[in-house]
Each structure stands twice: as structure tokens, then as C-alpha cells.
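Protein chains in written order, with my numbering: chain A, 5 to 313; chain B, 5 to 313.
Ideal Cβ positions, reconstructed from N, Cα and C, are used throughout, including at glycine.
As the structure is a prediction and not an experimental result, all values here were calculated from the model.
Everything below concerns the one structure shown next.
There are 2 protein chains.
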Amino acid sequence: MQAIVLGAAAGGGFPQWNSNAPACRRARSGDQATRPRTQASLAASADARHWFLLNASPDLRAQIEATPALQPHEGLRSSPIAGVVLTGGDVDAVAGLLTLRERQALTVFATRRIHDVLDANPIFDVLARDVVRRQTVVPDAPVALTLPDGTPSGLTATLFPVPGKVPLYLEAGLADSDAPPVIEGEETVGVAIGDGRSTLHFIPGCAAMTPALTARLRGAECVLFDGTLWRDDEMLRAGIGSKTGRRMGHMSVAGPEGTMAAFRELGVRRRILIHINNSNPILLEDSPEREAVEAAGWDVAHDGMEIAL
Amino acid sequence: MQAIVLGAAAGGGFPQWNSNAPACRRARSGDQATRPRTQASLAASADARHWFLLNASPDLRAQIEATPALQPHEGLRSSPIAGVVLTGGDVDAVAGLLTLRERQALTVFATRRIHDVLDANPIFDVLARDVVRRQTVVPDAPVALTLPDGTPSGLTATLFPVPGKVPLYLEAGLADSDAPPVIEGEETVGVAIGDGRSTLHFIPGCAAMTPALTARLRGAECVLFDGTLWRDDEMLRAGIGSKTGRRMGHMSVAGPEGTMAAFRELGVRRRILIHINNSNPILLEDSPEREAVEAAGWDVAHDGMEIAL
């Protein structure tokens with residue numbers, strides 16, 4: 005199995021369109037230690053010919069044009085992209101579906117609840133239902149990722165619930181300071197994708213480490229995990245936002261309840277932080293926080309990063 | 005008044021994600037005579053400090069990062085983008101609104117009908133209604149484009165109906181071969197934007213030249229006009245699609261009923277083709293069709309093109 009990081013940043017990307025904070029200014033300046041990143045998405049393949057996207061970010065069109073493996077190579081119209089697996093219904097996970105219009109056969113794999121979110125927005129009907137199949141995936145039940153013609157791709161995916169929150173635009177009536185209900189159901193899921201020999205876990209959003217998640221990830225070969233924030237209050241401290249990480253449904257990388265601590269005894273062989281917010285100092289290659297995550301055995305994902313399993 | 009072409013291509017962009025046609029292959033190869041183009045959008049400003057977008061294309065995030073004038077320069081969070089004027093409800097005109105999340109004050113100007121399309125899709129509520137104002141514009145009535153704080157920008161816009169069709173994803177039940185009802189109302193509009201001295205017309209989609217449109221454009225200073233297709237059946241002939249231009253709500257550039265013919269006697273000083281489909285040979289700088297449009301006095305828009313009026 006191979007995987008390619010199409011985008012490593014959290015919602016808004018890096019730099020974010022309306023951020024003039026020092027890190028975003030550095031990214032715009034061409035500073036080699038502060039590489040820009042598009043919004044989080046991964047492509048995976050068992051045969052290097054047919055690819056499945058894990059999430060469809062708003063930057064998908066640019067991500068395809070930056071990734072030769074995802075560009076058409078056959079006939080006049082075609083695509084190596086056979087399907088999309090969704091881990092949530094927020095803009096940064098689903099908006100790229102709008103790029104996949106043009107009557108190209110593919111399958112969208114998601115929980116019933118996430119399909120419901122898409123179905124509530126008629127704009128996603130640009131993915132014509134006679135050519136783009138919607139497949140409902142039951143959490144914790146492995147599903148074969150078939151190609152549009154029904155043949156096996158060699159990949160199997162399991163969606164599993166992780167603590168999260170409802171998509172931002174469905175948070176009617178909640179103030180920024182309110183704690184949203186952390187839920188664990190079909191709204192936010194992780195993906196375990198494998199080819200029978202290797203398995204990769206992709207968990208771009210996770211509000212807390214639970215005993216079930218700990219059990220699932222123990223000894224795993226490769227985990228790409230929510231790297232949104234370094235510390236829970238970093239957006240407030242930097243003066244660039246009013247929300248804590250907890251408020252946004254993300255655990256932090258640092259701290260006693262953070263991701264590094266939670267993984268310390270898990271024995272995961274390859275640990276990669278992804279979905280990294282523009283406020284997170286691990287994006288700066290010369291920061292002490294970057295040094296700390298690398299010293300703890302983590303990689304920081306970047307666009308174009310290739311993972312061979 | 006100044007304007008910047010943020011994107012010059014029609015829906016899907018150039019190259020289009022699933023097109024392996026020769027022109028898209030050339031564009032991907034880095035061929036200098038076949039420059040890639042993102043999806044159609046224009047930015048306009050009276051003072052070079054505050055900008056209004058005409059349409060928000062799916063490529064908006066990349067367009068902002070390619071356009072220093074649209075990047076934040078003040079405080080920690082800010083944007084020179086003061087608002088967006090919409091000419092239609094199709095994905096290529098509105099999907100970029102999803103990029104403008106993050107609680108940045110701005111105004112979306114559109115007809116009632118186009119606001120209805122957005123309102124029918126809860127995903128656009130990421131533009132929080134307490135900070136992103138929706139302003140309904142009555143066709144043919146000039147509206148001052150105010151800044152978010154209510155002060156004048158120096159620009160005025162008039163939306164005017166042009167022949168068009170309903171957005172693709174609202175075409176329930178229509179087969180590809182069906183002729184959609186061409187309508188002239190609030191679904192598809194052009195924009196006349198001006199600073200009191202100069203006026204620019206932006207008409208990225210137009211199904212036919214009408215007497216009213218002829219009268220409006222006669223003697224105009226600058227018109228950016230629908231350059232989707234060279235000829236009505238070019239997608240069928242190339243084997244890359246089943247729809248005619250007419251089917252998609254676009255008149256063609258060439259031919260006796262085409263755009264070049266319709267403008268021949270209008271006395272428009274500056275004529276620029278925009279919203280150009282990847283199948284249109286005018287995208288190839290060495291094509292006879294490109295030579296023909298230029299000989300007829302037209303420019304072919306490209307990303308980053310600056311227009312000073």
C-alpha cells in the first residue's frame with residue numbers, strides 16, 4: 005500500500021486567507037522553513053493505479069494538479085481517483101467533492117450521518133447520482149473499496165467513531181465560548197485502511213483519547229493523527245481566535261492530556277501529525293515545538309509526503 | 005478603477021481534473037503557449053485597498069495566495085476583500101464562499117433568487133450571519149458596494165438579467181440531451197461595476213445576445229464576456245462531453261450567432277473573453293482560433309491579468 009499526503013493543514017490551510025499572523029506571513033514570504041500547506045487529505049492505493057481519497061478538501065483541484073498519480077492517463081476523460089472516504093461533514097473534509105463533478109464515476113463512502121449532511125445540501129447533487137455512487141458505511145464494519153466497475157481495489161476500510169463534534173455550520177445557537185457537546189457516533193470517524201498486509205490509520209479530527217481508541221491503535225503500523233493545535237488555548241493567546249481546541253473538537257499535541265502523552269506507551273511504529281492549524285508552531289521547522297515533536301518520534305506531515313507501507 | 009482577473013477558465017478550470025484531452029495534457033506539461041487557468045473570477049477596486057470579488061470560484065484560496073493585493077496586511081486577522089458580488093448560483097460562481105469562513109466581516113451581494121440557492125444549502129452557514137451580511141440586490145437598480153463598516157468603497161454595481169439557465173444541480177430530471185429552459189431573470193446576471201468615471205461589464209455566462217443586452221453594451225468601455233466555447237458542438241466533436249453550449253446556457257465565440265459577430269458593431273472599446281472552457285482552442289496561443297479572436301479585437305483573459313480603467 006502507498007499513501008500520499010495531499011494536504012497537511014487544518015481548515016483554512018496554511019497560510020489562511022485572512023491571517024496576517026507572523027507564521028502566515030513567513031509562509032507567504034517563501035521562507036523554506038515554513039512551507040505552505042493545503043487542507044488535509046490523503047490518497048491511498050494498493051496498486052499505484054487506482055486511488056482513494058481520504059476526505060475531499062476545498063483545495064482538491066490544486067492537489068490533483070500537484071500530484072501526477074491522480075491525473076488522468078487514459079482516453080479523453082478518466083481519473084485514477086476511484087472513490088472518496090469521508091471522516092466528517094465539515095467544509096474542510098467535503099468541499100472538494102464539488103471539484104469531482106463532470107460525470108466521472110466514483111464512489112463516496114461515508115456513514116449514514118455524513119451522507120445525510122451532504123444530502124441536506126443540494127449543491128452536492130452536481131455529483132450526479134447516476135454516476136457517483138453513495139455507499140453507506142456502518143461504523144466498525146470493514147468495507148471493500150471497490151472500483152466504479154465493481155472490481156476490488158485491494159483496499160479495505162473500516163470507519164470507527166472518535167470523539168468529535170457536529171460540523172461547524174450545524175452548530176445553530178452555540179456561542180463561541182460554549183462547550184459543544186462532544187459526541188462519539190457517526191459525525192466524526194477515523195479510517196483504518198489496509199491492503200491485507202499493512203494498515204494505515206487516518207484520524208484528522210479527535211477530541212479526546214478514549215480507551216476504545218487506545219485499544220485500537222496499540223501497536224499500529226502507521227497513524228496519521230489530529231495535529232490541529234499545540235496547546236488548547238493557543239488561538240486565544242495569539243489573539244487570532246476566540247475558540248479553544250476543545251471548543252473545536254480537537255485534542256492538543258502537547259500537555260499531559262495531549263496527543264504526544266496519549267501515544268507514549270502505545271507502541272505505534274510510525275506517527276505522523278496531520279490537519280495542522282496555521283497557529284500551531286510545529287509548522288515552523290526552526291521552532292522548539294517542532295524539535296519536541298520530532299524528539300518524541302513524530303513526523304509533521306507536509307503536502308506531497310509519500311508513505312510506503 | 006482597477007480589476008484583476010483571478011481566474012479565466014470555465015467550471016472545472018484548465019486543465020480539468022478528469023480531462024486527458026490534448027489541450028489539458030499540454031497545460032499539464034508546462035507548455036508556455038498553454039497556460040493553466042483557474043475558474044473564473046474578477047477582483048475590482050476603486051482605491052487599490054479594498055476589493056470586491058465578482059464571483060467566488062472553487063479556486064479562491066489559491067487565487068488569494070497568488071494575488072498579493074488580496075492578502076491581509078493589517079493586524080493579525082484582516083482582509084482587503086470587502087465583499088463578493090455573485091452572477092449565478094452554479095458551483096463555479098459560489099463554491100469559493102466556503103473559503104471565506106473564519107468570521108471575517110464582508111458582504112455577499114446577489115439577487116434574491118441566488119441568495120435563495122445559497123440559503124437552501126446549510127453548508128454556506130459557515131459564513132456566520134452575524135458577521136457576513138447578505139445583501140439582496142434588485143436587478144437593474146444600482147447598489148453602492150459599501151465596506152463592512154458601512155463606509156463607501158467608491159464602487160457601484162448594477163446586476164442585470166442575461167439569458168441563462170438554472171444551476172446544474174437544480175436541473176432535476178433533465179437529460180443531457182434535453183434543451184433546458186433558457187430563462188432571463190434573477191438566476192443568471194451580468195454586473196456593471198463602476199467608480200463614477202469608468203464602468204466594467206462582467207458577463208461570464210450568457211446564453212444569447214438580446215436587444216436589451218445589445219443596447220446596454222453599445223459603446224461600453226470594457227466588457228469581460230462569456231468565452232466558454234468556440235463552437236456550440238465542440239465538446240461532442242472532441243468526444244469529451246454530451247452537451248452543447250446551448251444546453252449549458254452559453255453562446256459560442258464563433259459563428260454567425262456567436263459572440264464575435266454579436267459584438268462586431270457594438271463599439272465596445274475593450275473586449276475580453278473570460279470563463280473559457282478547457283475544450284476551447286482559444287486557450288492555445290498557437291491556434292488559428294486564438295489568432296482569429298485577437299484579429300477581431302478580443303483579448304483572452306488569463307489568471308493575473310490586470311485591467312486599469
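Interface residue (Cβ-Cβ distance to chain A less than 9 Å): residue 118 of chain B is not classified as such. In the structure shown, the three-state DSSP call for residue 45 of chain A is strand.
For a Cβ distance threshold of 8 Å, nothing in chain A lies close to residue 133 of chain B: the least Cβ distance comes to about 11 Å. By the criterion of a C-beta distance shorter than 7 Å, residue 281 of chain B is surrounded in its chain by 14, 232 and 233, once the five residues flanking it on both sides are discounted.
Under the Cβ criterion (8 Å, minimum of three pairs), the stretch 59-79 of chain B counts as touching the stretch 63-77 of chain A.
Remark: fewer than three beta-carbon pairs, one from each stretch, lie closer than 8 Å, so the stretch 13-32 of chain A and the stretch 80-90 of chain A are not flagged as touching. Neighbours of residue 215 of chain B in chain A, taken as residues whose beta carbon is under 8 Å from its own, are absent, since the nearest beta carbon is some 33 Å off. With a threshold of 9 Å between beta carbons, residue 130 of chain B makes contact with chain A.
Within the stretch 54-71 of chain A, those residues whose Cβ lies closer than 9 Å to any Cβ of chain B are, in chain order, 62, 63, 64, 65, 66, 68 and 69.
Between residue 91 of chain B and residue 59 of chain B, the gap from beta carbon to beta carbon is short of 9 Å. Residue 259 of chain A is positioned such that its CB atom lies no closer than 9 Å to that of residue 275 of chain A. Taken through DSSP and simplified to helix, strand or coil, residue 50 of chain B comes out as coil.
The beta carbon of residue 98 of chain A falls within 9 Å of a beta carbon belonging to chain B, placing the residue at that interface. If you check the CB distance, residue 8 of chain B and residue 309 of chain B come in under 9 Å. Interface with chain A (9 Å Cβ-Cβ cutoff): residue 95 of chain B is included. If you draw a straight line from the Cα of residue 162 of chain B to the Cα of residue 140 of chain B, it is about 12 Å long. Not one beta carbon of chain A lies nearer than 9 Å to the beta carbon of residue 6 of chain B.
Bridge pairing for residue 23 of chain A: B:81 [DSSP].
Residue 198 of chain A carries a strand assignment under DSSP once its states are collapsed to helix, strand and coil. Not flagged as an interface residue toward chain A: residue 139 of chain B, since no C-beta distance is shorter than 9 Å. Residues of chain A with a Cβ closer than 8 Å to the Cβ of residue 152 of chain B do not exist; the shortest Cβ-Cβ separation is about 12 Å. One thing to note: residue 204 of chain B has its Cβ no nearer than 9 Å to the Cβ of residue 41 of chain B.
The secondary-structure analysis by DSSP pairs residue 205 of chain A across a beta bridge with A:196 and A:227. With a contact defined as Cβ atoms closer than 8 Å, residue 272 of chain A and residue 207 of chain A miss out at about 11 Å. Distance between residue 264 of chain A and residue 307 of chain A, taken at the CA atoms: about 22 Å. With contacts defined as CB atoms closer than 9 Å, residue 303 of chain B and residue 5 of chain B fail to qualify as a contacting pair. Within the DSSP bridge table, the entry for residue 11 of chain B names B:45 as partners. Using beta-carbon distances, residue 80 of chain B counts as an interface residue toward chain A, with a partner under 9 Å. Residue 268 of chain B: not part of any beta strand (DSSP E); DSSP gives it neither H nor E. Among the residues of chain B, those whose CB is under 7 Å from the CB of residue 17 of chain A are 65, following chain order. In this structure, the beta-carbon distance from residue 76 of chain A to residue 284 of chain B does not fall below 9 Å. Residue-level contact check: residue 284 of chain A does not touch chain B, since none of the beta carbons of chain B fall below 9 Å from its beta carbon.
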